Amino acid sequence: MKPGEFNNTVIKRLFQRYFKGKNPLELTAEQKTALAEQLKSRLTNLGYVKLKLDQYPYRYRPAKPDLLCEFKIEKTDDYQRFEIVLDGQNKLTINHYSTVAYISDVEEIFKFIAACQEIMGASVATTIKRQKIYDLQVHAITAQVKKIITEEKIDFLIEKDSIQFKLYLKISEKEYLEFKIPVKRFKEIVPHLQTVVQSLLVWHKMGLKIKDLIVMPSGRRSDNRKWIKYSSL
60 MKPGEFNNTV IKRLFQRYFK GKNPLELTAE QKTALAEQLK SRLTNLGYVK LKLDQYPYRY
120 RPAKPDLLCE FKIEKTDDYQ RFEIVLDGQN KLTINHYSTV AYISDVEEIF KFIAACQEIM
180 GASVATTIKR QKIYDLQVHA ITAQVKKIIT EEKIDFLIEK DSIQFKLYLK ISEKEYLEFK
240 IPVKRFKEIV PHLQTVVQSL LVWHKMGLKI KDLIVMPSGR RSDNRKWIKY SSL
């Protein structure tokens with residue numbers, strides 16, 4: 060299991076670890092009502108946990124009379140949904156879509172949630188670390204071209220996907236240069252970026268054809284890219 064990974068496979072493993080199901084709790088109607096209130100009270104304000112307060116989250120999902128509570132474990136861009144519900148024999152279960160586990164002790168729920176919170180915390184920490192690395196890489200690219208773009212008064216843009224950075228230099232209202240920098244070769248390529256950019260700009264001024272020169276379609280009214288102004292550096 061990768062640090063911060065929180066998917067169906069991970070949840071199934073956590074179910075197996077925390078919900079043994081040897082002696083499932085069997086509840087009466089009164090016990091169900093009391094436990095539902097207790098769960099809602101304890102789940103409120105837990106980190107990464109969002110409690111669903113109604114039984115009608117979607118029009119196509121009918122109310123569940125045996126549902127004690129429903130909650131999500133979530134971070135900014137993702138979540139997993141869980142239900143605490145009685146089965147046909149009034150035995151207490153926790154459901155995650157098609158994955159179901161019997162609950163022998165109420166504390167098992169909170170031990171499970173604590174494990175999920177730990178994963179969420181690791182995921183957030185990983186996201187922050189990646190963002191810091193990204194910020195440093197963008198700074199390194201900008202530092203290499205800063206002198207050129209301020210002298211030549213060229214707006215620029217930096218994008219990144221899973222395998223590469225893309226540096227765009229807007230050399231006219233209708234033309235821009237695109238430089239692709241593979242993440243795996245970042246340290247190798249970036250130190251030479253200034254020299255490469257400078258050479259291509261010289262070629263462009265001489266009227267020579269450049270393979271990576273992209274001309275915006277003539278019918279396009281405007282360029283919607285959020286260019287960084289050279290004057291902001």
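By the working numbering, the letter at position 165 of the sequence shown is numbered 224, and the numbering carries on one by one without gaps. For glycine and all other residues, C-beta sits at the position ideal for the given N, C-alpha and C. Note that this is a predicted model, so its numbers are computed, not measured.
query, result
"For the beta strand (DSSP E) holding D137, just list the boundary residues, first then last.", "D137 to L145"
"Please list the segments of the alpha helix (DSSP H) lying wholly inside the region 67-107, counting only runs of 4 or more residues, in order along the chain.", "67-77 and 88-102"
"Quick one, are the C-beta atoms of F78 and E167 less than 7 Å apart?", "yes"
"Within the region 185-247, note down every full beta strand (DSSP E) run reaching 3 residues or more, in order along the chain.", "214-219, 223-229 and 234-241"
"Residue range of the beta strand (DSSP E) that V300 falls in?", "Past the boundaries of the shown model lies residue 300; the chain is included only from 60 to 292, so the question cannot be answered."
"Should E83 go down as buried or exposed, given a rule of 16 or more other Cβ atoms within 10 Å for buried?", "The amino acid occupying residue 83 in the given sequence is Pro; Glu does not appear at that position. Result: buried."
"Residues in its own chain within less than 6 Å of F65 by CB, not counting five upstream and five downstream?", "I178"
"If distances are taken between C-alpha atoms only, which option among Y235, I208, F74 and K239 comes closest to D220?", "K239"
"State the Cα-Cα distance for the pair V108 and A93, rounded to the nearest angstrom.", "21 Å"
"Within its chain, find whatever has a CB closer than 8 Å to the CB of D137; leave out the 5 residues flanking it on each side and keep chain order.", "F65"
"Identify the continuous beta strand (DSSP E) that holds H155 and give its terminal residues.", "L151 to H155"
"Which residue from I208, D125, K243 and Y193 puts its Cα closest to that of E89?", "D125"
"Roughly how many angstroms separate the alpha carbons of K134 and L102, rounded to a whole number?", "16 Å"
"For L195, is the classification buried or exposed, using 16 other Cβ atoms within 10 angstroms of its Cβ as the cut-off for buried?", "exposed"
"Would you check if there are 3 or more beta carbon pairs closer than 8 Å linking the region 148-167 to the region 185-199?", "no"
"Compute the Euclidean distance between the alpha carbons of P116 and I172, then round it to the nearest angstrom.", "Residue confidence for P116 is low, a pLDDT of 49 falling below 50, so the modelled location carries little weight; the figure read from the coordinates is stated next. Whole-angstrom Cα-Cα distance: 22 Å."
"Roughly how many whole angstroms lie between the Cα atoms of V249 and Q203?", "7 Å"
"Apart from the five residues on each side of it in sequence, which residues of its chain come closer than 8 Å, Cβ to Cβ, to C128?", "A95, L98, K99, L102, L110, K111, E142 and I143"
"Does the Cβ of V261 have 16 or more other Cβ atoms within 10 Å, making it buried, or fewer, making it exposed?", "exposed"
"Helix, strand or coil for E133? Go by DSSP, reduced to three states.", "strand"
"Would you report the Cα separation of K81 and A181, rounded to the nearest angstrom?", "31 Å"
"State yes or no: is the C-beta of I213 within less than 7 Å of the C-beta of L226?", "no"
"Looking at the structure shown, is K111 part of a helix, part of a strand, or coil, going by DSSP?", "strand"
"Go ahead and label Y193 buried or exposed: buried means 16 or more other beta carbons lie within 10 angstroms of its beta carbon, across all protein chains shown.", "exposed"
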